[in-house]
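What follows is a set of notes on a single structure, which appears directly below.
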Amino acid sequence: MAKDQDKILTDITTGEYKYGFYSDIEMDQIPKGLNEDTIRTISEKKKEPGWLLEFRLKAYHHWQTMSMPHWANLEIPPIDFQDIIYYAAPKQKAALDSSGDIDPELKKTFDKLGIPLEEQKHLAGFAVDAVMDSVSVKTTFRETLAELGIIFCSFSEAVKGYPDLIKRYMGTVVPYTDNFFASLNSAVFSDGSFCYIPKGVRCPIELSTYFRINAAHTGQFERTLLVADEESYVSYLEGCTAPMRDENQLHAAVVEIITENKAEVKYSTVQNWYPGDKNGKGGIFNFVTKRGLCRGENSKISWTQIETGSAITWKYPSCILRGDNSKGEFYSVAVTNNHQQADTGTKMIHIGKNTRSTIVSKGISAGRGQNSYRGLVKVLKNAVNARNFSQCDSLLLGDKCGAHTFPYIEVDNQTAIVEHEATASKIGEDQIFYCNQRGISTEDAIGLIVNGYAREVINKLPMEFAVEAQKLLQISLEGSVG
Amino acid sequence: MLVINNLSVSIDGKNILKGINLEVKPGQIHAIMGPNGSGKSTLAAVIAGRDFAEVTEGTVTYFGRNLLEMAAEDRAKEGIFLGFQYPVEIPGVSMVNFMKTAVNEQRKHKGLEPLSASGFLKMMREKKEMVEIDSKLTNRSVNEGFSGGEKKKNEIFQMAMLEPTLAILDETDSGLDIDALRIVANGVNKLKRNDNSTIVITHYQRLLEYIIPDVVHVLYDGRIVKTAGKELALELEKKGYEWIKKEIENLN
Numbered sequence: 000m001a002k003d004q005d006k007i008l009t010d011i012t013t014g015e016y017k018y019g020f021y022s023d024i025e026m027d028q029i030p031k032g033l034n035e036d037t038i039r040t041i042s043e044k045k046k047e048p049g050w051l052l053e054f055r056l057k058a059y060h061h062w063q064t065m066s067m068p069h070w071a072n073l074e075i076p077p078i079d080f081q082d083i084i085y086y087a088a089p090k091q092k093a094a095l096d097s098s099g100d101i102d103p104e105l106k107k108t109f110d111k112l113g114i115p116l117e118e119q120k121h122l123a124g125f126a127v128d129a130v131m132d133s134v135s136v137k138t139t140f141r142e143t144l145a146e147l148g149i150i151f152c153s154f155s156e157a158v159k160g161y162p163d164l165i166k167r168y169m170g171t172v173v174p175y176t177d178n179f180f181a182s183l184n185s186a187v188f189s190d191g192s193f194c195y196i197p198k199g200v201r202c203p204i205e206l207s208t209y210f211r212i213n214a215a216h217t218g219q220f221e222r223t224l225l226v227a228d229e230e231s232y233v234s235y236l237e238g239c240t241a242p243m244r245d246e247n248q249l250h251a252a253v254v255e256i257i258t259e260n261k262a263e264v265k266y267s268t269v270q271n272w273y274p275g276d277k278n279g280k281g282g283i284f285n286f287v288t289k290r291g292l293c294r295g296e297n298s299k300i301s302w303t304q305i306e307t308g309s310a311i312t313w314k315y316p317s318c319i320l321r322g323d324n325s326k327g328e329f330y331s332v333a334v335t336n337n338h339q340q341a342d343t344g345t346k347m348i349h350i351g352k353n354t355r356s357t358i359v360s361k362g363i364s365a366g367r368g369q370n371s372y373r374g375l376v377k378v379l380k381n382a383v384n385a386r387n388f389s390q391c392d393s394l395l396l397g398d399k400c401g402a403h404t405f406p407y408i409e410v411d412n413q414t415a416i417v418e419h420e421a422t423a424s425k426i427g428e429d430q431i432f433y434c435n436q437r438g439i440s441t442e443d444a445i446g447l448i449v450n451g452y453a454r455e456v457i458n459k460l461p462m463e464f465a466v467e468a469q470k471l472l473q474i475s476l477e478g479s480v481g
Numbered sequence: 000m001l002v003i004n005n006l007s008v009s010i011d012g013k014n015i016l017k018g019i020n021l022e023v024k025p026g027q028i029h030a031i032m033g034p035n036g037s038g039k040s041t042l043a044a045v046i047a048g049r050d051f052a053e054v055t056e057g058t059v060t061y062f063g064r065n066l067l068e069m070a071a072e073d074r075a076k077e078g079i080f081l082g083f084q085y086p087v088e089i090p091g092v093s094m095v096n097f098m099k100t101a102v103n104e105q106r107k108h109k110g111l112e113p114l115s116a117s118g119f120l121k122m123m124r125e126k127k128e129m130v131e132i133d134s135k136l137t138n139r140s141v142n143e144g145f146s147g148g149e150k151k152k153n154e155i156f157q158m159a160m161l162e163p164t165l166a167i168l169d170e171t172d173s174g175l176d177i178d179a180l181r182i183v184a185n186g187v188n189k190l191k192r193n194d195n196s197t198i199v200i201t202h203y204q205r206l207l208e209y210i211i212p213d214v215v216h217v218l219y220d221g222r223i224v225k226t227a228g229k230e231l232a233l234e235l236e237k238k239g240y241e242w243i244k245k246e247i248e249n250l251n
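Going down the list, the protein sequences come from chains A and B. So the first sequence is residues 0 to 481, counted in numbering that gives the first Met the number 0. So the second sequence is residues 0 to 251, counted in numbering that gives the first Met the number 0.
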């Protein structure tokens, strides 16, 4: 760990968006545009059962009645939904057979991203589902996990292999009517990950999904569904990158988590989509609906997110605390530099008795970045003894950026205790001079201070990710001083 | 090693230092005394490279190089250390990480490999013992929640870690009880070699009972008005600064 920190410091001096390359892979893609036929084509390509096509069409018809939400503190340029390719899949030269070999070109891409798809080479303790554009290309360690009864596969395979589980859980946390982007996703989603942890099983390794947008003009619409049955535990990681392009690309995902009695899910994201260039050209629009349902008693869902990428982020990982004594947590670091905009936060809905939630949000704004925290803490009538603690901190670098906090608190039960703390600070000149006087350059000093500021959240990440996140924070803020 | 020649400095158009002359040779300890507002801390900050004052006249050279052209971090890497009068808190940044970065920056500057984790921790342990700093302090964030005395001891600890060629201690004794004062002074004395130098800036003579200066200067109204041996400090303690003020007025 200590050695890695040294490396981070040297890395900062060379920090640019490292994942901006494009892989020239032959694609199977459908024409731009969205209509009923598009949806039927996607469903057909995936050889889906009728019930799923029906779900998609219902979502599509509902979506047609909706309009883009404009309540967020974001300036979103108009999006032409007919100008997007809704399905693009890398053509695998060697078809996926029973041995599970994948196309060498694809393997090369993921190697370059630091995500080796061969199990023997992979970081010990990680299983990966690799998703490129619209499809999952490889899931590692499946057999090992299967011995424990853990199901970890692409969403498409789950639809075929475990239709009962999918039918039972899909759309129960984020219904297809939920919001504009969730409805769109429900209509056109092409793949994603599915994970089921059976009763009493603690998943021994970290499960992760790595999302890569590669093809131009495409949108990525994936769904992740995680089900933790009674007394089970899983730690899940999500990473994402995209090539550097002048166009904006849309990423509208849905993540649903369900925890039964005494189950626990820890969901971590290091979001590093291409943020656009210094002048705000290009970058990913990240409009994501993530929600967990603590269905069982004494269950727990914990979200940790490090948001450094995307031109625009619109994302509120939330917890519905339905089971008595259930717990929800949200730890977030969101960075906006240059022209990036983020409106992110969480919702904690207390329904059960003795439910607890913790929110720690750390916003960092630099350049002309605009960073908003938006959070709702809602305590319903029957949520006796609900507790919430929220802490929202903002750190500003420079004087052209902005930090905003929009906390909403709705309490319908008098026994609830809801606390909210907020701070806003600037990196002080005296702090920088103190570091300078010890031989530390201004750029390194800011790196140290920012990582110190975000440490409480970074510490919640699994270690390999924590190191990655520290590096990212420094690279994202490169050139933001002076 | 340090030669200050006719240095004048203003802050927001106000003249703070008015023609300072000072030469510090290797192995020397200089004490700069003077009443509040005489320009002591400004002088320390200008030598360390804080970018807040305008040098209107004069030169500062350090081993023959123009110090005023060097960035603060380069001066630090060349061995200039400032013990702050008000050490700054940096929440969330651990002392270990902070010191490790500082020590390795200095090593890089000297063309040395960074210290290994174990080598660094060993060094921390030795220096902690040397300056008698509570090991709990170094497990915390930089100066965060430290008492006044702990902050000052932490400055001396950092000085021990960085082994400066020229250390400037700005009012390091202020706010210290007698035990802390002794610890701080012991630390400074232990770090003394015949090739490094120290400038002790202080208001009171008390610290100079523990750190024996070779030269004592009195800074008054932006000028060094008196320079003598260590006995000057005792005289000042006895007669107070009023005596100096009168002497100057008589001269005028």
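Yeah, the Cβ is synthetic: ideal placement off N, Cα and C, and Gly gets one too. Just so you know, these numbers come straight off a predicted model, no measurement behind them.
Among the bridge pairs identified by DSSP, C202(A) is matched with none. The beta-carbon of D133(B) is placed no less than 9 Å from the nearest beta-carbon of chain A. Taking all protein chains in view, the Cβ of A421(A) is surrounded by fewer than 16 other Cβ atoms within 10 Å, so the residue is classified as exposed.
Interface flag for S393(A) against chain B is unset, since no Cβ pair is found closer than 9 Å.
For I448(A), the enclosing alpha helix (DSSP H) has its first and last residue at T441 to I457.
Take A157(A), set aside five residues on each side of it, and the residues of its chain with a beta-carbon closer than 6 Å to its own are I165 and F193, in chain order.
Note on A70(B): under 16 other CB atoms within 10 angstroms of its CB, so exposed under the neighbour-count rule. Against chain B, a Cβ distance below 7 Å from Q436(A) picks out A47, A71, A75 and L81. What P90(B) touches in chain A, judged by beta-carbon distance under 8 Å, is G451 and Y452, going in chain order. Pairing S317(A) with S360(A) gives a Cβ-Cβ distance that is not under 9 Å.
Approximately 5 Å separates the beta-carbon atoms of G308(A) and P274(A); this is inside 8 Å, confirming the contact. In this chain, C400(A) is not harboured by any beta strand (DSSP E), its DSSP state being neither H nor E. Contact annotation: the stretch 88 to 102 of chain B touches the stretch 137 to 153 of chain B, with at least three C-beta pairs closer than 8 Å.
Here the alpha carbon of H108(B) sits roughly 23 Å from the alpha carbon of F83(B). Cα atoms of M122(B) and K76(B): separation of roughly 18 Å, rounded to the nearest angstrom. By DSSP's assignment, M26(A) forms a beta bridge with P89(A).
Assignment of beta-bridge partners to G327(A) by DSSP yields I300(A) and S356(A).
Close partners of S440(A) in chain B (Cβ separation under 7 Å): E72. By the criterion of a C-beta distance shorter than 8 Å, Q204(B) is surrounded in its chain by M32, A232, L233, L235 and E236, once the five residues flanking it on both sides are discounted. N4(B) has a beta carbon lying at 9 Å or more from every beta carbon in chain A.
Within the stretch 406 to 435 of chain A, D429, Q430, F432, Y433 and N435 place their CB atoms closer than 7 Å to a CB of chain B, listed in sequence order. Inside the stretch 147 to 171 of chain B, DSSP marks whole alpha helix (DSSP H) runs of 4 or more residues at positions 147 to 161, from first to last along the chain. The bridge partners DSSP lists for H419(A) are S389(A). Contacts with chain A at 9 Å (Cβ-Cβ) include N96(B). According to the DSSP assignment, W313(A) belongs to the beta strand (DSSP E) that extends over I311 to K314. With contacts defined by Cβ atoms closer than 9 Å, T303(A) and K265(A) form a contacting pair. Pairing A251(A) with Q28(A) gives a Cβ-Cβ distance that is not under 9 Å. Using a Cβ-Cβ distance cut-off of 8 Å, the stretch 50 to 59 of chain B and the stretch 1 to 16 of chain B are in contact, since at least three pairs of beta carbons, one from each stretch, lie closer than that value. A Cβ-Cβ separation of about 7 Å places I311(A) in contact with N285(A) under the 8 Å criterion. Within the model, the alpha-carbon separation for S117(B) versus I445(A) is close to 26 Å. Relative to A30(B), the option among K151(B), Q157(B) and I223(B) whose CA is nearest is I223(B).
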